[in-house]
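Data first, discussion second: the structure below is written as structure tokens.
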Amino acid sequence: MPHKIAILGASGYTGAELVRIIATHPAMEIVGLSGDRKAGMEMAEVFPHLRHLTLPALEKIEDMDFSGVELAFCALPHATSQAVIRDLPRNLKVVDLSADFRLRDPAEYEKWYGKPHAAVELQKEAVYGLTEFYRDEIRAARLVAGTGCNAATGQYAIRPLIEASVIDLDDIILDLKAGVSGAGRSLKENLLHAELSGGTHPYSAGGTHRHLGEFDQEFSKLADRPVRIQFTPHLMPFNRGILATVYVKGDPQAVHKALADRYAAEVFLEVLPFGALPSTRSVAGSNFVHIGVSGDRIAGRAIVVAALDNLAKGSSGQAIQNANLMLGIEETAGLMLAPVFP
Numbered sequence: 001m002p003h004k005i006a007i008l009g010a011s012g013y014t015g016a017e018l019v020r021i022i023a024t025h026p027a028m029e030i031v032g033l034s035g036d037r038k039a040g041m042e043m044a045e046v047f048p049h050l051r052h053l054t055l056p057a058l059e060k061i062e063d064m065d066f067s068g069v070e071l072a073f074c075a076l077p078h079a080t081s082q083a084v085i086r087d088l089p090r091n092l093k094v095v096d097l098s099a100d101f102r103l104r105d106p107a108e109y110e111k112w113y114g115k116p117h118a119a120v121e122l123q124k125e126a127v128y129g130l131t132e133f134y135r136d137e138i139r140a141a142r143l144v145a146g147t148g149c150n151a152a153t154g155q156y157a158i159r160p161l162i163e164a165s166v167i168d169l170d171d172i173i174l175d176l177k178a179g180v181s182g183a184g185r186s187l188k189e190n191l192l193h194a195e196l197s198g199g200t201h202p203y204s205a206g207g208t209h210r211h212l213g214e215f216d217q218e219f220s221k222l223a224d225r226p227v228r229i230q231f232t233p234h235l236m237p238f239n240r241g242i243l244a245t246v247y248v249k250g251d252p253q254a255v256h257k258a259l260a261d262r263y264a265a266e267v268f269l270e271v272l273p274f275g276a277l278p279s280t281r282s283v284a285g286s287n288f289v290h291i292g293v294s295g296d297r298i299a300g301r302a303i304v305v306a307a308l309d310n311l312a313k314g315s316s317g318q319a320i321q322n323a324n325l326m327l328g329i330e331e332t333a334g335l336m337l338a339p340v341f342p
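Taken in order, the sequence shown gives residues 1 to 342; the numbers are from UniProt numbering.
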């Protein structure tokens with residue numbers, strides 16, 4: 001019998017991506033979909049690309065019947081998510097795709113998100129959802145906090161280098177390009193086609209981006225000392241994808257070896273031959289991450305480039321990978337679709 005799944009916030013991009021992937025999952029069945037402002041509508045009305053699927057209609061969360069549901073994906077905005085999850089049945093496994101449970105320290109959450117956490121006890125319970133680094137904890141968890149998509153991309157490029165002690169921890173620069181779907185589906189003036197297409201711009205520069213909270217938390221924990229990176233994201237006029245370019249001090253061959261060794265057994269992490277660099281088009285629509293390493297004309301410096309799909313491996317694909325572990329399903333189930341090209 002398939003595991004019964006509910007998706008809260010199914011009318012957003014990550015909700016639709018969850019539905020798309022679960023549609024061919026061999027061991028999951030969607031039995032509930034919520035969409036507060038679109039309650040009563042069919043998913044085919046909200047997302048015509050899903051009209052071939054037989055799905056429950058969208059409803060309000062308070063009207064959902066969770067009896068028999070084993071796991072819920074919560075694809076709601078931050079601050080909303082914590083209040084909803086706090087009131088869900090305690091026997092329900094939850095994978096949260098918002099930012100609400102990523103940071104372990106309530107003071108850090110308040111610092112980066114501007115308000116006190118409303119479910120501190122649950123915050124203590126949550127496991128950070130970067131699958132390849134928290135696999136055992138995720139397998140035993142009731143509540144898993146999905147990472148930020150930018151945070152995941154940067155960590156895949158940098159974590160093994162900290163673990164292997166092959167770079168200078170005080171000189172890490174992360175320059176990141178992100179597709180517009182990462183900003184969500186809400187109407188925003190700066191995301192109008194006329195204002196976005198044909199150009200690009202940095203945002204949250206100078207250490208103000210919220211995903212820095214995740215980098216600070218995870219890198220400092222790994223190194224057992226404070227690690228602060230420079231990070232500037234850029235909004236790009238394409239729909240999907242993240243490309244992270246990381247500049248580090250370290251021997252390029254040692255950097256490449258550290259990444260190749262760490263990910264040798266990981267199905268979804270592909271380290272390219274030395275000197276080859278990835279593209280977002282090579283991972284689009286998939287749960288795969290491509291990582292490349294190059295030397296620099298300045299001796300003792302290396303360039304690491306990581307590419308993933310922000311809606312898949314950066315969010316919904318990662319969430320399903322974690323849910324597979326939580327439900328005792330093969331970790332790769334439903335996630336082996338090849339990238340879409342061209």
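For every residue, glycine included, the Cβ atom is placed at its ideal position computed from N, Cα and C. Every value quoted in this text rests on a predicted model; they were computed, and no experiment measured them.
Per DSSP, the unbroken alpha helix (DSSP H) holding S81 starts and ends at T80 to R86. Sequence-distant Cβ neighbours of A152 in its own chain, meaning closer than 8 Å and more than five residues away, are L130, L308, K313, G314 and Q318. Here A323 is not near P278, since their CB atoms are 9 Å or more apart.
The three-state reading of DSSP puts G32 in strand, counting E and B together.
Rounded to whole angstroms, the separation of the alpha carbons of G292 and A276 is 6 Å.
Within the DSSP secondary-structure output, V305 pairs in a beta bridge with T245 and G292.
Excluding five sequence positions before and after F238, the CB atoms of its chain that fall closer than 8 Å to its own CB belong to G179, V180 and T280, given in chain order.
In the displayed model, G179 falls within a strand according to three-state DSSP. P226 and T54 have their C-alpha atoms roughly 50 Å apart. Residue environment for V120: exposed (fewer than 16 other C-beta atoms within 10 angstroms of its C-beta). Between K177 and P252, the gap from beta carbon to beta carbon reaches 9 Å or more.
In this structure, L311 places its C-beta atom within 9 Å of the C-beta atom of Y13. If you compare the alpha carbons of G213, A284 and H290 with that of Y109, the shortest gap goes to G213. Looking at the backbone, the Cα of I242 and that of L259 are separated by about 19 Å. In this structure, E132 places its C-beta atom within 9 Å of the C-beta atom of L269. Annotation: the region 142 to 202 contains the following complete segments of the beta strand (DSSP E) (minimum length 3 residues), in chain order: 143 to 145 and 172 to 179. Following the DSSP letters along the chain, one finds K4 inside the beta strand (DSSP E) bounded by residues H3 to L8.
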